[in-house]
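Add 5 to the 1-based position in the sequence shown for my numbering, that's all there is to it.
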Amino acid sequence: MRVIDLTHTINENMPVYPGTDTPKLISVNTYEKNGFKETFLQMYTHTGTHMDPPVHICEGKKTLDEFPIEQFIGKAIVIDCRMLKEGDAITMEQLKCYGDKIERVDFLLFNLGWDKKWGSDEYFGDYPCIDDEVMEYILKGKYKGIGFDVIGLDPIADENLTRHKKLFENSDIINIENLTNLEQCVNDLFWFSCFPLKIEKCDGSPIRAVAWFE
């Protein structure tokens, strides 16, 4: 079995969404004083490689802990969008290259190659986003989730979060952001898991996203 880690490492200097704070990892117990090591972790629920449930945007909609556990595992395919330039849109042209494979998966993962900019100011640039036709296609499908190697479903400049609202107002689906290493996944179906922390009334959670090939 080949396993690929699609998750960025959490640390105190990692990129975070503008307006939020970086994580704090504070040593509270040490081998010398307490005989064991323990760290106090403080961070936003939408830190690093993480997922959004509908309640992140829409009051009264489903929280992460309300999803059945099978929501977070299934077949996936990576849509290669690395040919797109800054400001371009992700269109059905990119999806059609994969034929009926995109109808046989639970997760659509979009590879912009943007994870290579992780840790630089460029990461917050004008990354490509899905257009209205792709959004409608996703909404009409039976997908468990979609995912991207960028910091948001919407452009950072869109404070209205237009795509988030359209996605979550109309479906019970999860949205994954800040994936990495998607180029290591072949252009075919593979197993994918993205389990969140089980937090009560959870509006989002860091995840450990993993692809594997049997």
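Using N, Cα and C, we set each Cβ at its ideal position, and we do this for glycine too.
Whose C-beta lies closer than 6 Å to the C-beta of residue 12 among residues of the same chain, with five residues either side of it excluded?
What you label residue 12 is simply residue 7 of the sequence shown in a count that begins at 1. The answer, listed in chain order, is 54, 213 and 214.
Smallest Cα separation from residue 203: which of 119, 25, 23 and 56?
For the purposes of this step, residue 203 is taken as residue 198 along the sequence shown, with counting starting at 1. Measuring from the Cα of residue 203, the nearest candidate turns out to be 56.
Please classify residue 211: does DSSP put it in a helix, a strand, or coil?
On the sequence shown, position 206 is the one that residue 211 refers to. Residue state, collapsed to three classes: strand.
Buried or exposed: residue 88, going by 16 or more other Cβ atoms within 10 Å of its Cβ?
Start at 1 with the first residue of the sequence shown, and residue 88 comes out as number 83. Flag for residue 88 reads exposed.
Could you tell me if residue 190 is buried or exposed, where buried requires 16 or more neighbouring beta carbons within 10 angstroms of its beta carbon?
Locating residue 190 in the sequence shown gives position 185, where the first residue counts as 1. So residue 190 counts as buried.
Note down the Cα distance separating residue 47 from residue 33, rounded to an integer number of angstroms.
Here residue 47 refers to the residue found at position 42 when the sequence shown is read from its first residue. Here residue 33 refers to the residue found at position 28 when the sequence shown is read from its first residue. Looking at the two C-alpha atoms, the distance is approximately 12 Å.
Would DSSP call residue 119 helix, strand or coil?
In the sequence shown, residue 119 corresponds to position 114, counting from 1. Residue 119: helix per DSSP, three-state reduction.
Between residue 121 and residue 153, what straight-line distance do the alpha-carbon atoms span, to the nearest angstrom?
Position 116 of the sequence shown, counting from 1, holds the residue named residue 121. Position 148 of the sequence shown, counting from 1, holds the residue named residue 153. Each residue's Cα considered, the two are about 13 Å apart.
Is the stretch 123-135 in contact with the stretch 102-111, if contact means three or more CB pairs nearer than 8 Å?
The stretch 123-135 is not in contact with the stretch 102-111.
Report the three-state DSSP secondary structure of residue 75 (helix, strand or coil).
To locate residue 75, count along the sequence shown from 1; it is residue 70. If DSSP states are grouped into helix, strand and coil, residue 75 belongs with the helices.
Alpha carbon to alpha carbon, what distance is there between residue 157 and residue 173?
Locating residue 173 in the sequence shown gives position 168, counting from the first residue. Locating residue 157 in the sequence shown gives position 152, counting from the first residue. So the alpha carbons of these two residues sit roughly 14 Å apart.
In whole angstroms, what is the alpha-carbon distance linking residue 140 and residue 51?
Residue 140 sits at position 135 when you count from the first residue of the sequence shown. Residue 51 sits at position 46 when you count from the first residue of the sequence shown. Cα to Cα, the separation comes out at about 22 Å.
From 177, 192, 28 and 217, residue whose alpha carbon lies closest to that of residue 262:
Residue 262 lies beyond the stretch modelled for the chain, which goes from 6 to 219, so this question has no answer here.
Would the C-beta of residue 57 count as close to the ligand PLP, meaning under 6 Å from any of its heavy atoms?
Of the ligands one can find in the structure shown there are none, so the ligand PLP has no counterpart to examine.
Output needed for residue 99: all residues of its chain with C-beta closer than 6 Å, excluding positions within five of it in sequence on either side, in chain order.
Translated into the one-based positions of the sequence shown, residue 99 becomes position 94. Once the five neighbours on either side are set aside, the close Cβ partners of residue 99 are 84 and 86.
Collapsed DSSP secondary structure at residue 261 in the structure displayed:
Nothing can be reported for residue 261, as the shown portion of the chain is limited to 6 through 219.
Closest Cα partner of residue 90 within the set 71, 68 and 117:
Position 85 of the sequence shown, counted from the first residue, corresponds to residue 90. Residue 117 is the option with its Cα nearest to residue 90.
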